[in-house]
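Have a look at the structure below before the remarks.
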Amino acid sequence: MKYLRQICIILAICLMGEIINLSFNLPIPGNVIGMITLLFCLYTGIIKIEMIEETADFLLKHLAFFFIPAGVGFISCFGIIKNIWVSFIAIIFISTIIVTIATGLITQLLIRRANK
Amino acid sequence: MSTIINNPLLGIVISLITFEVGCFFSKKTRFVLFNPLLISISLIILFLKSFNISLEAYNNGGQFISFFLGPATVILAVPLYKKIDLLKANIFPILTGIITGSSIGMISIIFLCKLFDLDKVLTSSLVPKSITAPIGIEISKQLNGIPALTVAAIIITGILGSIIAPIICKIFKINNKIAFGIAIGTASHAVGTSKALEIGETEGAMSGLAIGVAGLVTVILAPILFGLFF
């Protein structure tokens, strides 16, 4: 019963996120709105962490697994990137490195400066 | 035979087995390129190609796995809530880091695409590659990109990010836990976050936060930046 109740709470918040997304026609997807909603509920104490903890741990531990079908969908793009796949991968590679370095260094610098 | 191929169980079981294989190799060898998600996806594509099974048949089962992406994103609020005091204390550095990081990322993609001579459609498909798939798809549509290609770029970015971010952060001495989490989450969304959660609670919480904020920043800035350069 405990797990069913936890799943119910989590899915209800997902549903709420989708409803908010639809009714206000927001560019932010339902699951991100759901994340904000859940944070709000936890912060205000409407939902206690114990009410969802085990299911939350399960989902978080297996987060990468849920991306498998999206990744497999890559085969549908083989035709499009057939002739440009080297540049395609190179661009992704280089810009991912740039974002990681820029974000990390700026955040770290500002945190250190604030704590001085 | 075709009833077995179209049975949702096939897609689900093959995903579970290949992921298990991926986790096994990743743990045994500790070799960075042996990322469980990368191994699993490669094995499935190999399997589908060699037995001539269509993507649609696989997705009969695959859609049940994808379904969990929604709840799994929502639940990222939990680690964030556990570290809410850390977020409050560092709100300015965190937000500034994500906003500048995402903007630099989008500009770098536009320039790299020009450098590699990719056309407008491919560029607009690549611009939202660092953010979570549901937002990325919407931006790709808005900029007249190819959503399927955007999803592919997003997944590749996620896997690449979770492999190289720990190495890069070591080289550039990004050793602050908050900064590391924000960097990996801004660059490689939820796939990077799954790596950050493995490394530590703070890293995971901050990475989860970065998914949402980077997504918002990209929604607002992508059309503006794209308009400036095209």
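So the protein sequences, as listed, match chains U and V.
Residue 1 is where the first sequence starts when you use the numbering used here, and the numbers rise one by one after that.
Residue 1001 is where the second sequence starts when you use the numbering used here, and the numbers rise one by one after that.
Beta carbons are placed, not taken as given, at the ideal position from N, Cα and C, and that holds for glycine.
Can you tell me whether serine 1050 of chain V is buried or exposed, with buried defined as 16 or more other CB within 10 angstroms of its CB? So serine 1050 of chain V counts as exposed.
My output table needs one value for asparagine 115 of chain U: the three-state DSSP class, helix, strand or coil. Asparagine 115 of chain U falls in the coil class under three-state DSSP.
If we define contact as Cβ-Cβ less than 8 Å, is asparagine 25 of chain U a contact residue for chain V? Output row for asparagine 25 of chain U: interface = no.
So, under 8 Å CB-CB, glycine 1022 of chain V and isoleucine 1039 of chain V are touching, yes? Tell me the CB distance rounded to an integer number of Å. Your pair glycine 1022 of chain V and isoleucine 1039 of chain V checks out as a contact, with CB atoms roughly 3 Å apart and the cut at 8 Å.
Residue from U:Leu42, U:Gln108 and U:Ala114 with nearest C-alpha to lysine 1173 of chain V: For the residues U:Leu42, U:Gln108 and U:Ala114, the minimum Cα distance to lysine 1173 of chain V belongs to U:Gln108.
Measuring straight from C-alpha to C-alpha, what distance separates lysine 98 of chain U and isoleucine 1104 of chain V? One point to set straight first is that residue 98 of chain U is isoleucine, not lysine, in the sequence displayed. So the two alpha carbons sit approximately 8 Å from each other.
If you check the beta carbons only, do alanine 1214 of chain V and serine 1102 of chain V fall under 8 Å apart? Yes; because the gap between Cβ atoms is below 8 Å, this pair is in contact.
Might you give, ordered along the chain, the residues of its own chain that have their beta carbon closer than 6 Å to the beta carbon of phenylalanine 1067 of chain V, omitting 5 neighbours on each side? The answer is none, since no qualifying residue turns up.
Would you please state the rounded distance, in angstroms, between the beta carbons of phenylalanine 65 of chain U and phenylalanine 1019 of chain V? I believe it to be under 8 Å. The pair is a contact, with the Cβ atoms about 5 Å apart (cut-off 8 Å).
Could you tell me whether the Cβ of glutamate 1203 of chain V comes closer than 8 Å to any Cβ of chain U? For glutamate 1203 of chain V, the answer is no, since every Cβ of chain U falls outside 8 Å of its Cβ.
Measure the alpha-carbon distance for isoleucine 1220 of chain V versus threonine 1096 of chain V and round it to whole angstroms. Rounded to the nearest whole angstrom, the CA to CA distance from isoleucine 1220 of chain V to threonine 1096 of chain V is 15 Å.
If the cut is a Cβ gap below 9 Å, which residues of chain U does glycine 1062 of chain V touch? Proximity of chain U to glycine 1062 of chain V at the Cβ level (cut-off 9 Å) is accounted for by Ile68, Pro69, Ala70, Val72 and Gly73, in chain order.
Would you say serine 1040 of chain V lies against chain U (beta-carbon separation less than 8 Å)? At least one chain U Cβ lies under 8 Å of serine 1040 of chain V.
Measure from the alpha carbon of isoleucine 36 of chain U to the alpha carbon of each residue in V:Val1121, V:Ser1124, V:Ala1210 and V:Glu1056, then state which is nearest. Minimum Cα distance to isoleucine 36 of chain U is reached at V:Ala1210.
With a floor of 4 residues, list each alpha helix (DSSP H) that falls wholly inside the segment 1124 to 1184 of chain V, ordered by position along the chain. If we require 4 residues or more, the alpha helix (DSSP H) runs fully inside the segment 1124 to 1184 of chain V come out as 1133 to 1142 and 1147 to 1171.
Hey, how far is the Cα of proline 69 of chain U from the Cα of isoleucine 1099 of chain V? Cα to Cα, proline 69 of chain U sits roughly 30 Å from isoleucine 1099 of chain V.
Does the beta carbon of cysteine 8 of chain U come closer than 8 Å to any beta carbon on chain V? It does not; no Cβ of chain V falls within 8 Å.
Check whether lysine 1129 of chain V and phenylalanine 1230 of chain V have beta carbons under 8 Å apart: No; because the gap between Cβ atoms is not below 8 Å, this pair is not in contact.
Cβ neighbours of asparagine 1090 of chain V in the same chain (closer than 8 Å, five flanking residues each side left out): Hits under 8 Å: Ile1178.
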